[in-house]
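Reading through the structure tokens given below for one structure.
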Amino acid sequence: MRLLTVIALDGLTYASWLFLVSAGLTFTYGVLRVLNLAHGNLYALGAYLGATLVLRYAAGGSTVALGYGLLFLAAVVIGVVAGPLIERLFLRRVYARDEEVQLLLTFSISLILEDVVKLTWGVSPIFAETPYSFLGRVRLGGVNYAWYPFLLTAVALAVGGLLWLVVTRTRLGKVLQSVITDREVSLTLGIDVPRVYTWAFTAGAILAALGGAYTAPMFSLVPGVGADVLVTSFAVIAIGGLGSIGGAALGALVVGLARSAAVYLFPELDLFAIYLMMALVLLFRPQGLFGEVEVRRI
Amino acid sequence: MPPRIRAALAFFGLLAVLLALPFLLSGWVLFLLTVAGAKALAVLGVVLLLRGKLLTFGHALYYAAGAYAAGMAVKYWDVHEMLVLLALGLLAGAMLSALLGLLIARYRAVYFALLNLAFSMVLYGILLKFYAVTGGTDGIGIAEPTLAGWRPGAASLRIVLYESTLVLVALLVYLAHRFSVSPAGYVLRAIRDNEVRVEYVGTSVWRIVYLTYVIAGALAGIAGALIGLSVGHITPDLAFWSQSGEFVFVAILGGTGSVLAPVVGSILFEFIRNYAFELSPYTWQMTLGIVLLVIIFFLPGGVWSLAQTAARRGAR
Amino acid sequence: MNRHTFAVSSLVAIVLCGFLAAVRAAPVAGAPSELKIGVVAFLSGPASGPFGIPSRNAAELWIDKINKEGGIGGVKLVPVFTDEAGPADKVVTEFRRLVLDEKVSAVMGYISSANCLAVPPVADELKVLTILSDCGTDRVFEEGKHPYVFRTNAHTVIDGVGAARYVLAMNPNVKTIAGVNQDYAWGRDSWEVFQRSIRKLKPNVKVVDALWPKLFAGEYSAEISKLLVEKPDVVFTSFWGGDLVTFAGQAKARGLLESSMVVVNNTGSDIKDLAPGMLIGSRGPHGIVSPEMEKNALRKQFIELYRQKYGLAPNNYIAHGAYHYIQALQGLRAAYEKAIKTAGRWPTGEQVAAAFEHVEFDSPSGHIAMAIGGGHQAIEPAGYAVIKFDPALGVNTFSQIRVFSARCVNPPDGMKSLDWIDRGFPGAQCP
Numbered sequence: 007m008r009l010l011t012v013i014a015l016d017g018l019t020y021a022s023w024l025f026l027v028s029a030g031l032t033f034t035y036g037v038l039r040v041l042n043l044a045h046g047n048l049y050a051l052g053a054y055l056g057a058t059l060v061l062r063y064a065a066g067g068s069t070v071a072l073g074y075g076l077l078f079l080a081a082v083v084i085g086v087v088a089g090p091l092i093e094r095l096f097l098r099r100v101y102a103r104d105e106e107v108q109l110l111l112t113f114s115i116s117l118i119l120e121d122v123v124k125l126t127w128g129v130s131p132i133f134a135e136t137p138y139s140f141l142g143r144v145r146l147g148g149v150n151y152a153w154y155p156f157l158l159t160a161v162a163l164a165v166g167g168l169l170w171l172v173v174t175r176t177r178l179g180k181v182l183q184s185v186i187t188d189r190e191v192s193l194t195l196g197i198d199v200p201r202v203y204t205w206a207f208t209a210g211a212i213l214a215a216l217g218g219a220y221t222a223p224m225f226s227l228v229p230g231v232g233a234d235v236l237v238t239s240f241a242v243i244a245i246g247g248l249g250s251i252g253g254a255a256l257g258a259l260v261v262g263l264a265r266s267a268a269v270y271l272f273p274e275l276d277l278f279a280i281y282l283m284m285a286l287v288l289l290f291r292p293q294g295l296f297g298e299v300e301v302r303r304i
Numbered sequence: 096m097p098p099r100i101r102a103a104l105a106f107f108g109l110l111a112v113l114l115a116l117p118f119l120l121s122g123w124v125l126f127l128l129t130v131a132g133a134k135a136l137a138v139l140g141v142v143l144l145l146r147g148k149l150l151t152f153g154h155a156l157y158y159a160a161g162a163y164a165a166g167m168a169v170k171y172w173d174v175h176e177m178l179v180l181l182a183l184g185l186l187a188g189a190m191l192s193a194l195l196g197l198l199i200a201r202y203r204a205v206y207f208a209l210l211n212l213a214f215s216m217v218l219y220g221i222l223l224k225f226y227a228v229t230g231g232t233d234g235i236g237i238a239e240p241t242l243a244g245w246r247p248g249a250a251s252l253r254i255v256l257y258e259s260t261l262v263l264v265a266l267l268v269y270l271a272h273r274f275s276v277s278p279a280g281y282v283l284r285a286i287r288d289n290e291v292r293v294e295y296v297g298t299s300v301w302r303i304v305y306l307t308y309v310i311a312g313a314l315a316g317i318a319g320a321l322i323g324l325s326v327g328h329i330t331p332d333l334a335f336w337s338q339s340g341e342f343v344f345v346a347i348l349g350g351t352g353s354v355l356a357p358v359v360g361s362i363l364f365e366f367i368r369n370y371a372f373e374l375s376p377y378t379w380q381m382t383l384g385i386v387l388l389v390i391i392f393f394l395p396g397g398v399w400s401l402a403q404t405a406a407r408r409g410a411r
Numbered sequence: 102m103n104r105h106t107f108a109v110s111s112l113v114a115i116v117l118c119g120f121l122a123a124v125r126a127a128p129v130a131g132a133p134s135e136l137k138i139g140v141v142a143f144l145s146g147p148a149s150g151p152f153g154i155p156s157r158n159a160a161e162l163w164i165d166k167i168n169k170e171g172g173i174g175g176v177k178l179v180p181v182f183t184d185e186a187g188p189a190d191k192v193v194t195e196f197r198r199l200v201l202d203e204k205v206s207a208v209m210g211y212i213s214s215a216n217c218l219a220v221p222p223v224a225d226e227l228k229v230l231t232i233l234s235d236c237g238t239d240r241v242f243e244e245g246k247h248p249y250v251f252r253t254n255a256h257t258v259i260d261g262v263g264a265a266r267y268v269l270a271m272n273p274n275v276k277t278i279a280g281v282n283q284d285y286a287w288g289r290d291s292w293e294v295f296q297r298s299i300r301k302l303k304p305n306v307k308v309v310d311a312l313w314p315k316l317f318a319g320e321y322s323a324e325i326s327k328l329l330v331e332k333p334d335v336v337f338t339s340f341w342g343g344d345l346v347t348f349a350g351q352a353k354a355r356g357l358l359e360s361s362m363v364v365v366n367n368t369g370s371d372i373k374d375l376a377p378g379m380l381i382g383s384r385g386p387h388g389i390v391s392p393e394m395e396k397n398a399l400r401k402q403f404i405e406l407y408r409q410k411y412g413l414a415p416n417n418y419i420a421h422g423a424y425h426y427i428q429a430l431q432g433l434r435a436a437y438e439k440a441i442k443t444a445g446r447w448p449t450g451e452q453v454a455a456a457f458e459h460v461e462f463d464s465p466s467g468h469i470a471m472a473i474g475g476g477h478q479a480i481e482p483a484g485y486a487v488i489k490f491d492p493a494l495g496v497n498t499f500s501q502i503r504v505f506s507a508r509c510v511n512p513p514d515g516m517k518s519l520d521w522i523d524r525g526f527p528g529a530q531c532p
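Residue numbers (the working numbering), protein chains in the order written: chain A, 7 to 304; chain B, 96 to 411; chain C, 102 to 532.
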């Protein structure tokens, strides 16, 4: 029983991290039908900026609480700056072209951003751990847990909830759904589709940076941190279904629990867990758990 | 002179020049060309798939499979014969793609790309993890190959590898060309334009996609074995998604307009990468990214389209 | 003295001075105008911070120092820096470029074990002196002969054996151990050496778990939870870089350091980011300074030069990679000087390689001997310590330093490391 509790708790915290990290990617795909390969770099930018702000202004004593807000600020800044820049200057010009070209565009942006991060922050590891250690630990199931990952879970739930609310309950959500379903018809209805695209991409960028900023206190940031996150996010959203937020949540949960179980029961499988799950899910349900089958236009 | 004979003469003339290169060029450039040639075969596979609108982000799967088939033969059966190792690479690529293609050839677009990615990362994990069997991240050394029984000395080995790569590339590019102009090749192009209509016409789309997939896999397999021989050392990185990404980059850089384009793109890429690296070791990724952007916006058909426009202008 | 004597003695003095000046100024016969060497290190990627950049910096400043002292045999060294990052084919291509295009006379560097295995056959083919400078795999000389390849730092056996001995010195009643290592060659090798060593030294030690998170996983809550449940006496890890810093932070926050003794076999990250109470080794006696090391003149010089050029924390900590790269340069210099003396003129590559075998030289970390691997592999002592926070300096430093001599933690020439351990460390000279 204790083993199950521990597996569940660790699975949950890992899943929260996975969801936060992948939500932006699936959202961008859902609206724009573009798989943003620069997603990992936006994550890294959010993480690095968040860590830098925390280290400068919230490193200790009375200012620690400020850190949580600073992380949020960092994410918003990155999203609001990088999002429109990438979408308007580059992505917009290739909407009319093949999907492959769009993928390549985001791939080239990712190569550029990789070095931008390195040039700006250098190569030494950066660890802004005060928000993490400040919250202390709690004893659950006989084991010490840090509180911070549960904060991540709360943030993940908040993000998920907010997205769901916006998409299903607000007018903006209806506009988004319209654009997702049929771009051309939306245009004829008078929706400013290019503007929606820019906003959606920016939102996706903010989400990516948010994932980075809030996970930064948990580990040491090094060059290349974005690349690894990208592949992990792919796996999660492929499992959940591209474009589906609920799918990303479910995919995150599946992978989180699988990995957690692997660590406890089959430590040797740790490495594969995520890719194996992805391959398995895609084989039996190619569109992912919550994905929609694409209707082929003749 | 009829155009066919002219083309053949041009082809053989070019071949003769290329064969003579080792005696004119420095060892370093020769090595670069050999490596570029080997990788060009894998890129050729990617290009063939792209011609059917199938973008794969996991082609390194077959590349690594071919390399490790050769590597394991070296490690466990002490095989050093190049011809055998290359055949093993080809077989490994073909058999694995034939197996996985049964499932993957049903998918399209992003799912096709991601499934290939997933499998390539699973192979990466296997190669990495089974340390005792595969050598893990330490890799496997492939040394002192023989060609039909003859063991070339250190100096001539580079020339032998270069010429073998050249011959292999010429042969396989030609075969790829035959495929492209065959009925199957035309159906592939039709599939790119409108898959559903091809089904309506009565042709099996799945069959052609599967065939192309296996051919692409075989090409990557032999490329892997060739790289193992040229570099002398293979590691699980050969299966990593960034290697697949590199193949895609080169495919777009060269263009999909011709079977020769991957070769041109591959050579160009090796040179760009090495000089970008030399000039600015801290920003070479950014340089690659900018080059790719330039191509996307100003040269969508890849470098090959430049050659085509030049040829067309010349013909006028 | 009379005028005659004075004239003669002055003449002799002048001639002598002129002769001495000529001898000092004249470079060795046949010497080139400069000695180009390729220096390879990780300048990008996760290994650049903890290993690559400090190594490169140290190499640069030491080459400056050597040049100020007249160079090697009167010839100035010219470094060509290049990035080690990338897959094997790229690394090998770079190596060939350095030799065939840049025309370097020697190549030094390489931190990744995979590269240290890929490069030697090429070095032999091109007949260029290659000095592996920081990698750990014991395979290089245990599984093949490479006439032109040398390694001036000890391989990873010293880390595992040193860790085992240190752990037992700190806690002679160890009963259970667990390992959490990155799932790749370094992690596997490190764990293998450690657990075999400690079980040989104390046969009733039990392994309760071996965890294998992937390289750069960044997230270890499941692993830490499991270790908190199992409560082994000792947790061994070979993590480095960002992974190590992350693990240390998460372990400290959750109290793993209180329930187990955590030992790391390398200082692959700045110790300021690690948790007090961790046992740590530094792949040799670098940075972990014993009283006798304090007196080493070269070390004092190195620290001063590094401080002036790059700045240093109050604990004078510099990554072990930096020390290793200097060892490579010291070895290079010693080999060239020996070869020059033997040949009487500027030596050929073959002569330098021959001179390198079994050569000995001084370094900021003490006296180094190329004692095993047929004279191609150096042996170093293993330094281990506990991290403690020094409130006066305001940073982490080391305490309870133990240095195990080179003869204690290295196998004898000709014996494979794992065999040596399994046989009970025959020939080891441990006080």
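For every residue, glycine included, the Cβ atom is placed at its ideal position computed from N, Cα and C. In this text, all values refer to a predicted model and were calculated from it rather than measured experimentally.
Practice task
State the DSSP-derived secondary structure class of Tyr48/C, mapped to helix, strand or coil.
Solution key: One cannot answer for residue 48/C here, as it falls past the ends of chain C, which runs 102 to 532.
Practice task
Provide the residue span of the beta strand (DSSP E) that contains Gly248/B, from first to last.
Solution key: First-last for Gly248/B: undefined, no H or E at that position.
Problem - Neighbour flag for Gly340/B against chain C, beta carbons, 9 Å - result: no
Handout entry: 8 Å Cβ cut-off: residues of chain B touching Pro180/C
Key = Correct list: empty, because the minimum Cβ distance to chain B is about 13 Å.
Problem - CA-to-CA distance, Val496/C to Ala414/C, given in whole angstroms - result: 8 Å
Handout entry: the region 151-159 of chain C / the region 414-432 of chain C touching (three or more Cβ pairs under 8 Å)
Key = yes
Exercise for the section: Please check if any C-beta of chain A sits within less than 9 Å of the C-beta of Gly231/B. Expected result: no
Handout entry: beta strand (DSSP E) runs wholly inside the region 329-377 of chain C, at least 3 long, in chain order
Key = 335-338, 362-365
Practice task
State buried or exposed for Lys191/C, treating a residue as buried only when at least 16 other CB atoms are found within 10 Å of its CB.
Solution key: buried
Problem - Ala241/A beta carbon less than 9 Å from that of Tyr281/A - result: yes
Problem - Neighbouring residues, chain C, relative to His175/B (Cβ below 8 Å) - result: Chain C residues near His175/B: none, gap ~13 Å exceeds 8 Å.
Practice task
Output yes or no for whether 9 Å exceeds the beta carbon distance between Ala268/A and Gly85/A.
Solution key: no
Exercise for the section: Output the distance between the C-alpha atoms of Arg273/B and Leu110/A, rounded to the nearest integer angstrom. Expected result: 29 Å
Exercise for the section: Report yes if the CB atom of Gly378/C is closer than 9 Å to the CB atom of Val268/C, and no otherwise. Expected result: no
Exercise for the section: Tell me, please, whether the CB atom of Tyr74/A is closer than 9 Å to any CB atom in chain B? Expected result: no
Exercise for the section: Using a cut-off of 9 Å between C-beta atoms, extract the partners of Phe126/B located in chain C. Expected result: Val193, Thr194, Arg197, Arg198, Leu201
Exercise for the section: Could you confirm whether any beta carbon from chain A is found closer than 9 Å to the beta carbon of Gly396/B? Expected result: no
Exercise for the section: Along the beta strand (DSSP E) that carries Tyr485/C, what are the first and last residues, could you check? Expected result: 483-491
Handout entry: Buried or exposed by the 16-neighbour rule on C-beta atoms within 10 Å, applied to Thr443/C
Key = exposed
Practice task
Determine whether the Cβ of Val37/A lies closer than 9 Å to any Cβ atom of chain B.
Solution key: no
Practice task
Grab me the residues of Gly432/C's own chain with a C-beta within less than 8 Å of its C-beta, minus the 5 sequence neighbours each way, in chain order.
Solution key: Ile232, Phe251, Thr253, Phe457, Val460, Phe462, Ile469, Met471, Ala479
Handout entry: 8 Å contact criterion, which Leu399/C and Ser464/C should meet: CB distance rounded
Key = 6 Å
Handout entry: Between the CA atoms of Ala131/B and Val309/B - distance to the nearest angstrom
Key = 22 Å
Handout entry: Cβ-based neighbour list, Phe505/C, same chain, cut-off 7 Å, excluding 5 preceding and 5 following
Key = Gly263, Arg266, Pro482, Ala483, Cys531
Handout entry: Straight-line gap, Leu143/B to Leu223/B (C-alpha atoms, nearest Å)
Key = 29 Å
Problem - Nearest-angstrom Cα separation, counted from Gly515/C out to Glu243/C - result: 8 Å
Practice task
Measure the CB-CB distance between Leu533/C and Ala186/C and report whether it falls below 9 Å.
Solution key: Residue 533/C cannot be examined here, being either before or after the span of chain C that is shown, 102 to 532.
Practice task
Measure the CB-CB distance between Tyr279/C and Pro333/C and report whether it falls below 9 Å.
Solution key: First, the residue type needs correcting, since residue 279/C is Ala and not Tyr in the sequence shown. Against a cut-off of 9 Å, the Cβ pair of Pro333/C and Ala279/C comes out as a contact.
Handout entry: Rounded Cβ spacing between Thr169/A and Phe33/A (contact assumed at less than 8 Å)
Key = A quick correction: the sequence has Leu, not Thr, at residue 169/A. With 8 Å as the limit, Leu169/A and Phe33/A qualify as a contact, their Cβ atoms being about 7 Å apart.
Handout entry: Continuous alpha helix (DSSP H) assignments of at least 4 residues falling wholly in the region 277-329 of chain C
Key = 286-302
Handout entry: His425/C beta carbon less than 9 Å from that of Gly467/C
Key = no
Exercise for the section: Look at Ala215/C and Ala148/C and say whether their C-beta atoms are less than 9 Å apart. Expected result: no
Problem - Among Asp202/C, Gly350/C, Asp374/C, nearest to Asn369/B - alpha-carbon criterion - result: Asp202/C
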